[in-house]
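Engineer: If you scroll down you'll find the structure; I have some questions about it.
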Amino acid sequence: MGCLLFPFLTLASDPICIRDQAGKPIPHAYVKIGPDKVVPVDSTGSFELPDNLEDDQLIEVFAMGFDARQILVREISELSSLLLTEKIGQMGEVVVAATRTDRSVEDLPMPVTVISRKQIQETGGMRLSEVLREQTGLQVVSDHGSGLQMQGLSSDYILILLDGEPLIGRTAGTFDLDRISVTNIERIEVLRGPSSAIYGSEAMAGVINIITKSNGQPFAASLESRFRSFSTMDLSGEASFNQNDWSVQAYLNRFRTDGFDLNPDVPGNTQAPFQATTGQVKLGKKSGKWEFRIYSRMYREDSENVLQINENGTGRLADLSSERRDLNLNPTVTYRPNEHWQLTLRSMTSVFETHSLTEMQEDDFVVDAQDFQQRYHRTEFQLDRQLENNQLLTLGMGHLLETVDATRYEDLNRFDAGYLYLQHQWDPTDRWNIVTGVRGDLHSQYGERISPKISWMYKFSEKFSWQASLGAGFKAPDFRQLLLNFNNASAGYYVFGANMVQEGIERLQSQGLVQQLLLDPSQFGALQAESSLAINTGFRWKLSNDLLLQGNFFQNNISNLIETAPFARLTSGQNAFSYFNVSRVRTRGIELDWTWRLTSHLQVSAGYMYLDANDLDVLEQIDSGELFRRDSENRTQRVSRSDYGGLFNRSRHSGNLKISYQEPVSGINLALRAIHRGTFGFGDVNGNLILDDPSEYAQAMTSWNLSLSKTLSNGLLLETGGFNLLNQLNQYEPSNPGRTLFVGAKVPFHQLVNSK
Amino acid sequence: MNKWNTFQAGILLLALSTSCEENTVEEPEIELQAVTVENLHAPGDLMDRSTGEITEVRPFRYFSLEDNQMVEDREGDWDIGFKGTTIIVNSGSSGSGTAQASVVTGTFDEITSVPATADFKSDREDGMAIPTGSGNGWYNYNSSSHIVSPIPGRVLLIRTNEGNHAKVEILSYYQDNPPLSEVDPMTTPSPYFTFRYLIQPDGTINF
Chain X
12 MGCLLFPFLT LASDPICIRD QAGKPIPHAY VKIGPDKVVP VDSTGSFELP
62 DNLEDDQLIE VFAMGFDARQ ILVREISELS SLLLTEKIGQ MGEVVVAATR
112 TDRSVEDLPM PVTVISRKQI QETGGMRLSE VLREQTGLQV VSDHGSGLQM
162 QGLSSDYILI LLDGEPLIGR TAGTFDLDRI SVTNIERIEV LRGPSSAIYG
212 SEAMAGVINI ITKSNGQPFA ASLESRFRSF STMDLSGEAS FNQNDWSVQA
262 YLNRFRTDGF DLNPDVPGNT QAPFQATTGQ VKLGKKSGKW EFRIYSRMYR
312 EDSENVLQIN ENGTGRLADL SSERRDLNLN PTVTYRPNEH WQLTLRSMTS
362 VFETHSLTEM QEDDFVVDAQ DFQQRYHRTE FQLDRQLENN QLLTLGMGHL
412 LETVDATRYE DLNRFDAGYL YLQHQWDPTD RWNIVTGVRG DLHSQYGERI
462 SPKISWMYKF SEKFSWQASL GAGFKAPDFR QLLLNFNNAS AGYYVFGANM
512 VQEGIERLQS QGLVQQLLLD PSQFGALQAE SSLAINTGFR WKLSNDLLLQ
562 GNFFQNNISN LIETAPFARL TSGQNAFSYF NVSRVRTRGI ELDWTWRLTS
612 HLQVSAGYMY LDANDLDVLE QIDSGELFRR DSENRTQRVS RSDYGGLFNR
662 SRHSGNLKIS YQEPVSGINL ALRAIHRGTF GFGDVNGNLI LDDPSEYAQA
712 MTSWNLSLSK TLSNGLLLET GGFNLLNQLN QYEPSNPGRT LFVGAKVPFH
762 QLVNSK
Chain E
484 MNKWNTFQAG ILLLALSTSC EENTVEEPEI ELQAVTVENL HAPGDLMDRS
534 TGEITEVRPF RYFSLEDNQM VEDREGDWDI GFKGTTIIVN SGSSGSGTAQ
584 ASVVTGTFDE ITSVPATADF KSDREDGMAI PTGSGNGWYN YNSSSHIVSP
634 IPGRVLLIRT NEGNHAKVEI LSYYQDNPPL SEVDPMTTPS PYFTFRYLIQ
684 PDGTINF
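Chain order of the listed sequences is X and E. In this text, residue positions in the first sequence follow the numbering used here: the first is 12, and each later residue adds one. In this text, residue positions in the second sequence follow the numbering used here: the first is 484, and each later residue adds one.
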């Protein structure tokens, strides 16, 4: 509360406090008088004007994240506080993920959006999937968990970072966003387009960087809870402490839900009941030019479900229990000898485990037991060198060690990789900037890869800038594609990962099971990384301080996609399969975002994405007349291009409309959002394995979500609201339970104590 | 049990006189018509699902394209046979006849003659004329929905024991030829083959 003024003292040098629209002091502002005189602003956001200023002298006030303000000495001397307006559309936010250095959104030559704490709060969500699904161009798709889809590419191709470090643990390629609780997230950076030039594998469609809270106050503690339909409860506590350059931040979250059931006729829930606990401890110490940090996080989840197993026509019930464990440790040391150099050494150690057990209810017979354990260790050194004042050079190198041990894989498998990345950020003039980067990966499994990227931006004016970015992305073969050793006894087929094919085929041959090899054995096992080339180009158009239009066109051309294909015909008539680089896909589209601040209390925004995602081999087959379909009497017809609907699970049209309103009298905040997902193909029905029939589409739906919240003067926050208020259901979206209502409260203890 | 009926027979011979190749002036019009065979029930072997071991071997169901009827046993004059997802021809390892098959791509109606590229084969221990396994021969098996669907655009060309040519399109693996969108692999009875075929009885390769 440093900005408390003493109104009875009216000296010429009264301190002036710089505040945001909500009245909170802005401590990081700076004030310029004339061309080069800078006035210091203290940590409470206050500054004092020097004496003997002329009345018509111009003062400029800047603060990161806010529109700059110009004011005359004559006007300012009558004020006790000076209000700044936040830059619209999070344009002023600093982004780390895009360049691995701090850079504000409006200066980045690539498409980036930032989801702020306020927006996260307004969604009323508990898990990360509920926040991300409301963003333009992002879809959450149910496939072995809640997976993200970006630019038409699935979760496999999106890198998820926690405070800049990669999170591991995927099931069938999907990173389950429900593993991440949102109450300790400060902001989320969404970086679109490939970033393999700094991150390597997986950063093909884009990167999500989750930045957790770091509280600068000497002491803070709060408790936050939300309750909602389906007996879902989310309880979080956090405490932080800052003194003598030490900082400690602790967070604990407990989540539970009964799940829900969209098909009551079938035993078991659509979403299983589960409980999850998340803990995080962040420790930091600054000491002169050194900074030390240790971040750690643990996650534990247990779920139970029932399923029916059909055997010879009779259904028997079985209990399915599963657990997931996740542990990360991330120490970082930063040394800043002077303003031109910064050296960072960091490492990330993670363990991800899953265990699942299926037992018959009547006799505890174990139908299936699966264990999976992945260990990941990365050490990385990064050097940032400021050249003159308009160039920043970044050099990084690292080593990666990964092991995996699982029921379906033989032995303990180990992978090693080394990498080197180089990035140059250059602002030749105020109008231009260029970021170039290249990364080389050397991997024990798939050899070497070079991933370049170049991005540039031109500011036609303060209001309008154009950006373009060309980059290469890649994704290494995953464990399943390399290591799987699977035999479906009842159907009689085999699936071998690329590393297991040679051994597998020899075994089958020695057993006399192989009838015919379908591929040249020299091709076995040579699995390459999937690779992409992409362009992203678009604009930021600030029509006024309160009106922003952003657009981005993208095209991703992906080749060497890995799919299963038969490599041997067995005497049983069935096949043995393995993984091969066989297919090519192209996704392209446009993302548009419109943000309009009508008054300081009312903001409206709208987003839209058009997406066209095709399998290029299918298009080729259609053009050469080799693709067929069946009519309602199962007779064959030829497929034409106009019949083809592209890849499954992609909506051609999607969009959102958001209204955020602060009622001035009651102080109630209202956030109303309509999230639309256009019709999409759910799967093949007519037998030709592609999307080409009206019966293969799921209906479009719009989810209306509303949150109401009120912050009392002592800091207590109360909220209520609901998701999917019109209760729209879609059997092809099993993560949508229908209408969900919630209430919540946040109790900031430190403020309650202070205000007494 | 074996409920099956056929749309009989429309081979209309407008002229009974057989014509030789040179006689082009007064060539008689022969209008061939496709025959649809419905619900040919051909259950596969019984298997212990946990071990993959076959517990009961069931017989093939044999069919004569020439006569448009079932044939009781393996020694009879059948052309093709069905069991589960496997379709055999009467030759080589499957039977004592001379029937052969070739799998070609196209729509049933477009195939107006046996293409020169058609490669007629007999069944052999190391490879069936109509390859087995999903995606290889006549069907796809979707491992997530568990539906067996005839591959659109696959036509089976059969050379019968008598040396005539027929084209065959498998329409469905499920009872009463339902549209695939209505198939529930757990409840819709299978395997009940529905197929249509057209045979050229004059020994030429044109349909």
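Ideal Cβ positions, reconstructed from N, Cα and C, are used throughout, including at glycine.
Check for me: the alpha helix (DSSP H) holding Q68 of chain X runs from which residue to which?
Structural biologist: For Q68 of chain X, there is no enclosing alpha helix (DSSP H), as DSSP marks it with neither H nor E.
Engineer: Excluding the 5 residues flanking K520 of chain E on each side, which residues of the same chain have their C-beta closer than 8 Å to its C-beta?
Structural biologist: Just to set this straight, residue 520 of chain E is Val in the shown sequence, not Lys. Residues W487, T489, F546, N551, F676, T677, F678, R679, Y680 of the same chain have their beta carbon placed closer than 8 Å to that of V520 of chain E, with the five preceding and five following residues left out of the count.
Engineer: Please state the DSSP three-state secondary structure of P38 of chain X.
Structural biologist: Under the three-state reduction of DSSP output, P38 of chain X falls in the coil class, being neither helix nor strand.
Engineer: Kindly indicate which three-state DSSP category E773 of chain X falls into: helix, strand or coil?
Structural biologist: Within the shown structure, residues of chain X are numbered from 12 to 767, placing residue 773 of chain X beyond reach of any answer.
Engineer: Indicate whether the contact test is met: 3 or more Cβ pairs, each with one atom in the segment 85-93 of chain X and one in the segment 109-126 of chain X, closer than 8 Å.
Structural biologist: No, they do not touch.
Engineer: Which residues share a DSSP beta bridge with G732 of chain X?
Structural biologist: Answer by DSSP bridge pairing, in chain order: X:S718, X:F753.
Engineer: Give the residues from the segment 645-663 of chain X that approach chain E closer than 9 Å (Cβ to any Cβ), ordered along the chain.
Structural biologist: N645, R646, T647, Q648, R649, V650
Engineer: What does the alpha-carbon distance come out to for the pair T194 of chain X and R237 of chain X?
Structural biologist: 10 Å
Engineer: Would T590 of chain E pass as an interface residue toward chain X - the criterion being a Cβ-Cβ separation below 7 Å?
Structural biologist: yes
Engineer: If K566 of chain E and Q583 of chain E are in contact, beta carbons under 8 Å, what's the gap, nearest whole angstrom?
Structural biologist: For a cut-off of 8 Å, the C-beta gap from K566 of chain E to Q583 of chain E is around 19 Å, too long to register as a contact.
Engineer: Runs of 3 residues minimum, wholly inside the segment 442-467 of chain X: which ones carry the beta strand (DSSP E) assignment?
Structural biologist: Look at the segment 442-467 of chain X and you find these whole runs of beta strand (DSSP E), each 3 residues long or longer: 443-454.
Engineer: Beta-carbon of R641 of chain X versus every beta-carbon of chain E: anything under 7 Å?
Structural biologist: yes
Engineer: Is the segment 633-647 of chain E touching the segment 698-708 of chain X, taking contact as three or more C-beta pairs under 8 Å?
Structural biologist: yes
Engineer: If we define contact as Cβ-Cβ less than 7 Å, is M371 of chain X a contact residue for chain E?
Structural biologist: no
Engineer: With three or more beta-carbon pairs closer than 8 Å as the criterion, would you say the segment 204-219 of chain X touches the segment 238-248 of chain X?
Structural biologist: no
Engineer: Determine, using beta carbons only, whether L515 of chain E comes closer than 7 Å to chain X.
Structural biologist: Closer than 7 Å: no.
Engineer: Which residues in the same chain have their Cβ closer than 6 Å to the Cβ of P26 of chain X, if we skip the five residues on either side of it in sequence?
Structural biologist: S57, E59
Engineer: Taking three-plus beta-carbon pairs below 8 Å as touching, is the segment 96-111 of chain X in contact with the segment 596-611 of chain X?
Structural biologist: yes
Engineer: Should R607 of chain E go down as buried or exposed, given a rule of 16 or more other Cβ atoms within 10 Å for buried?
Structural biologist: exposed
Engineer: Is the separation between the beta-carbon of R347 of chain X and that of K293 of chain X shorter than 7 Å?
Structural biologist: no
Engineer: Can the beta-carbon of S466 of chain X be found closer than 7 Å to that of P120 of chain X?
Structural biologist: At a Cβ-Cβ threshold of 7 Å, S466 of chain X and P120 of chain X count as neighbours.
Engineer: Between S706 of chain X and chain E, is any beta-carbon pair separated by less than 7 Å?
Structural biologist: yes
Engineer: Three or more beta-carbon pairs under 8 Å between the segment 309-321 of chain X and the segment 332-352 of chain X, yes or no?
Structural biologist: Output reads yes: the segment 332-352 of chain X touches the segment 309-321 of chain X.
Engineer: If K464 of chain X sits next to G451 of chain X, beta carbons under 8 Å apart, how far is it from one beta carbon to the other, in whole angstroms?
Structural biologist: Wrong, their Cβ atoms sit about 13 Å apart, outside the cutoff.
Engineer: Comparing the C-beta of G523 of chain X with each C-beta of chain E, is any distance below 7 Å?
Structural biologist: no
Engineer: Among residues of its own chain, excluding the 5 on either side of K43 of chain X, which ones have a beta-carbon nearer than 6 Å to its beta-carbon?
Structural biologist: V49, E71
Engineer: Less than 6 Å between C-beta atoms, sequence neighbours within five positions excluded: which residues of the same chain meet that for F475 of chain X?
Structural biologist: W552
Engineer: At 9 Å on the CB atoms, spell out the chain E contacts of N697 of chain X, in chain order.
Structural biologist: S632, P635, P662, L663, S664
Engineer: So does the segment 678-695 of chain X actually touch the segment 656-665 of chain X, counting three or more Cβ pairs closer than 8 Å?
Structural biologist: yes
Engineer: Do we get a CB-CB distance below 7 Å when we pair Q319 of chain X with the residues of chain E?
Structural biologist: no
Engineer: Alpha carbon to alpha carbon, how far is N735 of chain X from K757 of chain X?
Structural biologist: Approximately 23 Å between the Cα atoms of the pair.
Engineer: Quick one: which residues of the segment 698-732 of chain X get their C-beta closer than 7 Å to a C-beta of chain E? List them in chain order.
Structural biologist: For chain E, the residues of the segment 698-732 of chain X that bring a beta carbon within less than 7 Å of one of its beta carbons are G698, N699, L700, S706, in chain order.
Engineer: Taking C-beta pairs closer than 9 Å, name the residues in chain X that M669 of chain E reaches, listed in chain order.
Structural biologist: N321
Engineer: Buried or exposed: S576 of chain E, going by 16 or more other Cβ atoms within 10 Å of its Cβ?
Structural biologist: exposed
Engineer: Which chain E residues are close to E574 of chain X, counting only those with a beta carbon under 9 Å from its beta carbon?
Structural biologist: Neighbours of E574 of chain X on chain E: none; closest Cβ ~12 Å, over 9 Å.
Engineer: Using a cut-off of 7 Å between C-beta atoms, extract the partners of Q527 of chain X located in chain E.
Structural biologist: D609, G610
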